[in-house]
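Below is one structure, written out as structure tokens; the observations come after it.
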Amino acid sequence: MTTASTHKPTRYSLAWDDIRTSLVNVRFWATLAWVDIVQRYRGSILGPFWLTISTAAFISGIGPLYSLLFGLELRDYLPYLASGVIVWNLILSTVNDSCSTFINAGPLMKQMRIPRMAHVFHLITRHVIIFAHSIPLFFVVHAFLGLPWGWQMLWAIPGFILLTAILTNVAIIFAIISVRFRDFIQVVASVMQISFFLTPVIWHVGERPALRLAADLNPLAALIALIRAPLLLEPISPAHIAWAVGGVVVLSAISFLLFARYRRRIIFWV
Amino acid sequence: MAEIVLDKVTIEFPLLHVGHRSLKKTLVSRVTGGIILKEANTPTIVRALSEISVHIKSGDRVGIVGPNGAGKTSLLRTMAGIYEPVTGDMRVSGDVATLLEIAGGMRPELTGLENIHLRGLLMGLSNRQIREITPEIEDFTGLGDFLNMPMRTYSSGMRVRLAFALATAIKADILLMDEWVLAGDAGFAAKATERLESMVTGANVLVLATHNNNIIRKWCNKAIYLRQGEVMMFDDVEEVVSAYLKDAKT
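And the structure:
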């Protein structure tokens with residue numbers, strides 16, 4: 023028999039194989055992500071634009087009220103709020119959903135051999151599509167208020183890529199932890215809920231140094247700033263750039279090691 | 176050449192979320208006969224397969240028999256590459272098609288046609304190739320207009336038809352399946368038989384887990400008798416079936 027274990031692949035090469043095969047299967051998970059969107063709104067007239075409408079309703083409801091509460095000009099506050107809420111929604115829904123990535127994919131994983139990472143890419147793509155439905159709202163607000171445009175806004179694109187990379191790594195880590203420890207899903211949901219209030223999404227740091235420091239120390243604030251600051255033609259604070267770049271490096275390392283270590287066991291945990 | 180070689184393959188898994196509703200189903204089917212290893216302060220570990228060594232060659236049509244929880248489905252999943260062995264070596268040469276879970280990989284809220292498309296993508300087919308195989312699947316399932324309806328509206332028999340048609344639409348060298356597949360109505364059973372016959376003639380490998388001795392006599396030329404995750408026998412069908420029946424009576 024020729025079954026002698028001549029060169030057993032290491033867990034790292036197997037993990038890398040998984041990632042590569044997942045990337046090759048791009049049409050599968052991209053279609054799946056699209057189908058998620060279509061199917062959720064099957065039979066509704068507005069389809070995925072319901073998501074846009076509800077965000078629009080939120081912004082136009084909260085905008086005037088909070089601009090009064092905070093004593094800010096609506097003209098300044100509305101674009102700030104719109105960009106903040108839209109980016110926050112992307113972060114929140116991706117992070118919360120990431121916990122159930124493998125749990126939801128269980129039946130498929132038990133039916134056929136399928137690379138694990140494809141499920142993570144599916145999740146990320148779905149939320150990016152949803153984001154693409156909402157981000158035009160910012161530009162509508164911006165145009166409506168007659169605010170100036172600038173090339174500087176294009177910095178939001180690398181910002182978005184960086185944000186997506188970070189979210190992907192977070193999703194891998196959270197998906198693995200929560201398929202093993204189901205309680206983790208509740209923990210994440212609670213933490214994210216509190217984070218909404220602790221992060222400058224709807225409130226503004228303004229000229230208060232204490233709040234500025236709090237925002238600089240908050241990685242979620244950094245993630246929002248990656249897209250919001252360029253769109254508002256403001257510079258991104260160095261602290262936030264450090265968070266984002268450092269975050270993508272550290273999280274990639276953690277997610278790869280975790281994935282390599284536990285990839286094989288995921289199927290037994292679902 | 177299609178071939179499956181398992182050398183001292185062991186599959187173990189922890190029993191987690193035992194009180195968890197979603198897992199209850201899985202557990203009930205798995206725990207009944209597997210060896211349960213208990214270690215202090217660690218989650219219960221089930222050894223689903225214990226040092227399995229089998230060599231399935233081209234042209235073999237192997238039935239797997241054994242009591243509930245003997246590890247039949249686990250063995251199929253291992254051969255399919257779904258479970259990766261803890262220890263031991265495994266080599267599978269040839270394209271593998273699987274028919275393990277009845278709704279596996281299907282999305283109930285999507286139509287039959289959409290599910291066909293998704294499965295095609297998963298198998299790495301181009302849109303053109305998917306369009307080419309679709310009429311054949313439509314024809315085989317005999318589902319007609321139902322293919323434009325969400326799968327949740329299907330009866331379980333209709334789901335079986337679609338699942339079977341999908342798994343066999345692409346020529347695979349190795350077909351791994353659970354016995355429920357052959358549980359359709361008479362008309363479907365005849366069609367399925369015909370399809371399987373065309374698949375297993377030639378150099379293909381079929382591995383079938385079953386409780387039904389008629390199915391195994393009809394379809395297989397070899398059989399594995401599995402008990403508590405161990406291979407008791409791997410031989411010609413008649414000998415294995417009679418040994419299994421004898422054990423079952425005592």
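Protein chains in written order, with the working numbering: chain A, 23 to 292; chain B, 176 to 425. Virtual Cβ for every residue (Gly too), placed ideally from N, Cα, C.
| query | result |
| --- | --- |
| C-beta contact flag for Asp182(B) and Asp270(B) at 8 Å | no |
| Backbone secondary structure at Tyr329(B) - three-state DSSP | coil |
| CB contact below 8 Å: Phe409(B) versus chain A | no |
| Distance between Ile239(B) and Trp136(B) (C-alpha atoms, nearest Å) | The first residue shown for chain B is 176 and the last is 425, placing residue 136(B) beyond what the model contains. |
| Where Glu178(B) falls: helix, strand or coil (DSSP) | strand |
| Pick from Arg138(A), Leu103(A), Arg62(A) that is closest to Leu36(A), judged by C-alpha positions | Arg138(A) |
| Between the CA atoms of Ser115(A) and His149(A) - distance to the nearest angstrom | 7 Å |
| Short Cβ contact (8 Å threshold) for Ile152(A) with Leu242(A) | no |
| Touch test, the region 243-259 of chain A against the region 177-185 of chain A, Cβ-Cβ under 8 Å, three pairs minimum | yes |
| DSSP-derived helix/strand/coil call for Asp320(B) | helix |
| Tyr258(B) at chain A interface by Cβ criterion, 8 Å | yes |
| Residue of Ala344(B), His386(B), Asn379(B) minimising C-alpha distance to Ala367(B) | Ala344(B) |
| Partner residues on chain A for Leu296(B), Cβ-Cβ distance less than 7 Å | Arg49, Phe50, Thr53 |
| Neighbourhood of Met131(A) by C-beta, 7 Å cutoff - its chain only, sequence neighbours within 5 removed | Ile289, Val292 |
| Residue environment, Phe203(A), which counts as buried when at least 16 other CB atoms sit within 10 Å | exposed |
| CB contact below 8 Å: Met131(A) versus chain B | yes |
| Cβ neighbours of Ser200(A) in the same chain (closer than 6 Å, five flanking residues each side left out) | Cys121, Phe206, Ile207 |
| Thr186(A) vs Ile146(A) beta-carbon contact at 8 Å | yes |
| Beta-carbon contacts of Arg370(B) that lie in its chain and below 6 Å, excluding the five residues immediately before and after | Thr343 |
| Buried or exposed (CB count within 10 angstroms, at least 16 for buried), Lys346(B) | exposed |
| 8 Å Cβ cutoff met for Val237(B) and Val382(B) | yes |
| Beta carbon proximity, Thr273(B) to chain A, threshold 8 Å | yes |
| Under 9 Å by beta carbon: chain A residues contacting Ile339(B) | This sequence places Phe at residue 339(B); Ile is not what is there. Result: empty, since nearest Cβ-Cβ is about 13 Å, beyond 9 Å. |
| Whole runs of the beta strand (DSSP E) within the region 143-199 of chain A, excluding any shorter than 3 residues | none |
| Anticipated Cβ contact below 8 Å, Val415(B) with Asn396(B), distance rounded | Actually they do not touch by this definition, with Cβ atoms about 11 Å apart. |
| Any chain A beta carbon closer than 8 Å to Ala177(B) | no |
| Rounded straight-line distance, which links the Cα of Leu254(A) to that of Pro101(A) | 7 Å |
| Burial state of Ile75(A), where buried means 16 or more other Cβ atoms lie within 10 Å | exposed |
| Endpoints, beta strand (DSSP E) assigned at Val210(A) | Premise fails: Val210(A) lies in the alpha helix (DSSP H), 205-220, not in any beta strand (DSSP E). |
| Partners in chain B for Ile194(A), counting only beta-carbon separations shorter than 9 Å | Within 9 Å Cβ-Cβ: nothing; Ile194(A) doesn't reach chain B, min ~19 Å. |
| Neighbour-count burial assignment, Tyr419(B), 16 or more Cβ in a 10 Å radius | buried |
| Reduced DSSP secondary structure (H/G/I, E/B, other) of Lys424(B) | helix |
| Collapsed DSSP secondary structure at Arg230(A) in the structure displayed | coil |
| Inter-residue Cα distance where the pair is His276(A) and Ile195(A) | The sequence given here places Ile at residue 276(A); His does not occur at that position. The straight-line gap from Cα to Cα measures roughly 8 Å. |
| Interface residues of the region 204-236 of chain A facing chain B [CB-CB below 7 Å] | Arg204 |
| As assigned by DSSP and simplified to three states, the class of Thr385(B) | coil |
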